[in-house]
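**Student:** Structure provided below as structure tokens; questions to follow.
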Amino acid sequence: MARVAQCTITLPLFEGPLDLLLYLVEKHELDIYEINVASVADQYLRHLRSLEQLDLEVASEFYLMAVRLLSIKARALLPQRHAPAGEPAADEPEDPRAQLIRELVAYRRCQQRAASLDSLATGQSRLYAPPLRLAEATAAMPHMWTQHAAAPPLPALQEAYQLALARARGRGPRVITRDAFTMRQRMAELLRLLRQQGRLAWQAISAGPEGRREFVVTFLSLLELMRRRRIQVRQPGPFADLTVTLAGGHGNRRAAQP
Amino acid sequence: MTGDQPRPVAGNGNEISLAGLVNALLFAAPEPLTVERLSMATGAGADAVRAAVAEVRRYYQRPDAPGGIFLQEVAGGLQLVTVASAAEAVAAIGRGRPQPLSPAALETLAILAYEQPSTRAEIEAVRGVKVDGVIHTLLERGLIREVGRKQVPGRPILYGTTDEFLRFFGLRSLEDLPQPIVDSAETDSSDELPVSN
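Chain order of the listed sequences is A and B.
Residue numbers in the first sequence follow the working numbering, run continuously in steps of one, and reach 1106 at the last position.
Residue numbers in the second sequence follow the working numbering, run continuously in steps of one, and reach 444 at the last position.
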């Protein structure tokens, strides 16, 4: 299977201890059922030492396998205590070497299947079906949307933030004065406006203060007010503006806060 | 089309054959359409729709057709897709490719697809590494889903593949999964393994 570099940080080259072990077995063209665990264990350890930077969590799995290999190796070196001639006892634990081989075989099958899935996906990725256009998707959405209308999902908030940022960016060059603009002030101001006007459109709020810093403070203030359950933010439909209202309706007592 | 089916009428008042309508639906559909959905949208019976689908398929396969498009059967439905040899040109006009899956994701899917439903622990037992992160990614991409809980202590979540999985790999159904050639020894039961070291 092609080992494609991904954004996720994985061990270079090897997916896990079984992957490494299988690599060592196949490199020497050994029959999986006839492997000499003692010699494979030595190679495995040598390889493990050469992998310098190991993610700790992943490393533990690799070392666990090293321990298993060494234990099988040790077992092979020790004189066997043979069960009395005849059939082996039923409750005898499975031979650890046989168990390891079984795991290797299962993992190899998994890799083979993964490889054929990979080539299927590559083939299918070359076939293009008609795309769904955004405008249509939006039109088709409201009926699905209404069930979730009560709480705007985080992506909607993020998008509103991005849109407002884009609007602010489009205003051209200007002098930026850096003044004290705190969340406390902004929160008080927002609450005052809400008490006066009952409701505020996100569009109006975000269009108010200029500058990235002020914008961030306003946005954080809104989030903080939401967290304190002082306000409610609703979105009537997809891509619609957010509406901010005071929460509950039982006043704005500070005493109600946790 | 056969004359005894009610002929659907196009918006401009001109008559359109059932095959023409099916062709239009397949062209405009944002996702593969099943025979049932085609039947519902056209008002024609399933058999008539199947005949129309066959006619559409033949149309795209005609030797004198320009080619470039064919009718693909995927995830129990039908969709019109561009041919693989046009892929580079289509990409050049801005159509993206889905992000390829990591080896870890492919291995996890390889286990799930063939052995589903499976728990996380069962997948980890085969891969020999933790799969939490991979499971999360696959759930997010809609390739797998939770299908229930295993009736064992802890009631772990059982995972299975989705229709999106079939679409991603271009499979009609799970029966279409490739069966790689396995060596004969593998099919033997494990208690016949050589025990000598």
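Glycine included, every Cβ here is placed at the ideal spot set by N, Cα and C.
Just so we're clear, the structure is a prediction, and the values are computed from it rather than from any experiment.
Per DSSP, which residues does R396 (chain B) bridge with? Please list them.
**Tutor:** According to DSSP, which records beta bridges pairwise, R396 (chain B) is partnered with B:I404.
**Student:** Looking at chain B, is there any beta carbon in it that lies within less than 8 Å of the beta carbon of Y1009 (chain A)?
**Tutor:** By this cut-off, Y1009 (chain A) is not an interface position.
**Student:** Which of the three DSSP states is assigned to R388 (chain B) in this structure?
**Tutor:** R388 (chain B): coil per DSSP, three-state reduction.
**Student:** To which residues of the same chain is P978 (chain A) closer than 8 Å at the C-beta, ignoring the five residues directly before and after it?
**Tutor:** Counting only Cβ-Cβ distances below 8 Å, and skipping sequence neighbours, we find nothing.
**Student:** Tell me, please, whether the segment 318-334 of chain B touches the segment 279-296 of chain B by the rule of three or more beta-carbon pairs shorter than 8 Å.
**Tutor:** Touching, yes.
**Student:** Do you know offhand how far I382 (chain B)'s Cα is from G864 (chain A)'s?
**Tutor:** Rounded to the nearest angstrom, the two C-alpha atoms are 16 Å apart.
**Student:** Check the Cβ of A969 (chain A) against every Cβ in chain B and list those closer than 9 Å, keeping chain order.
**Tutor:** By Cβ distance, chain B contributes P345, P347, L348, L353, F415, F416, G417.
**Student:** If contact is defined by three or more beta carbon pairs under 8 Å, each pair taking one atom from either stretch, is the segment 942-962 of chain A in contact with the segment 910-920 of chain A?
**Tutor:** Flag = yes, the segment 910-920 of chain A and the segment 942-962 of chain A touch.
**Student:** Does any residue of chain A bring its CB to less than 8 Å from the CB of R364 (chain B)?
**Tutor:** Here the sequence assigns Pro to residue 364 (chain B), which means Arg is not the residue at that position. Judged by the 8 Å Cβ criterion, P364 (chain B) is not in contact with chain A.
**Student:** Shorter than 8 Å from the beta carbon of A275 (chain B) to some beta carbon of chain E?
**Tutor:** In the structure shown, chain E does not exist; the protein chains are A and B.
**Student:** Is the Cβ-Cβ distance between F1063 (chain A) and A1016 (chain A) less than 8 Å?
**Tutor:** The answer is yes: Cβ separation under 8 Å.
**Student:** Identify which residue in A:G1046, A:E1072, A:E882, A:G1059 has its Cα closest to the Cα of T1091 (chain A).
**Tutor:** Per the Cα distances, A:G1046.
**Student:** If contact means a Cβ-Cβ distance below 7 Å, which residues of the segment 1060-1078 of chain A contact chain B?
**Tutor:** So nothing in the stretch comes that close.
**Student:** Cβ closer than 9 Å: which chain A residues qualify as neighbours of L356 (chain B)?
**Tutor:** Residues of chain A passing the Cβ test: R961, A962, L965.
**Student:** Name the two residues that bound the continuous beta strand (DSSP E) containing A1049 (chain A).
**Tutor:** Unbroken beta strand (DSSP E) run through A1049 (chain A): 1047-1049.
**Student:** If we count the other Cβ atoms within 10 Å of its Cβ and call it buried at 16 or more, is Q972 (chain A) buried or exposed?
**Tutor:** Buried, since its Cβ has 16 or more Cβ neighbours within 10 Å.
**Student:** Between T329 (chain B) and chain A, is there a C-beta pair that is closer than 8 Å?
**Tutor:** Answer yes: the Cβ-Cβ gap between T329 (chain B) and chain A drops below 8 Å somewhere.
**Student:** What are the start and end residues of each continuous alpha helix (DSSP H) run of 4 or more residues lying completely inside the segment 306-377 of chain B, in chain order?
**Tutor:** Here the runs fully enclosed are 334-339, 350-362, 367-374.
**Student:** Tell me the DSSP secondary structure of R304 (chain B) in three-state form.
**Tutor:** Of the three classes helix, strand and coil, the one that applies to R304 (chain B) here is helix, per DSSP.
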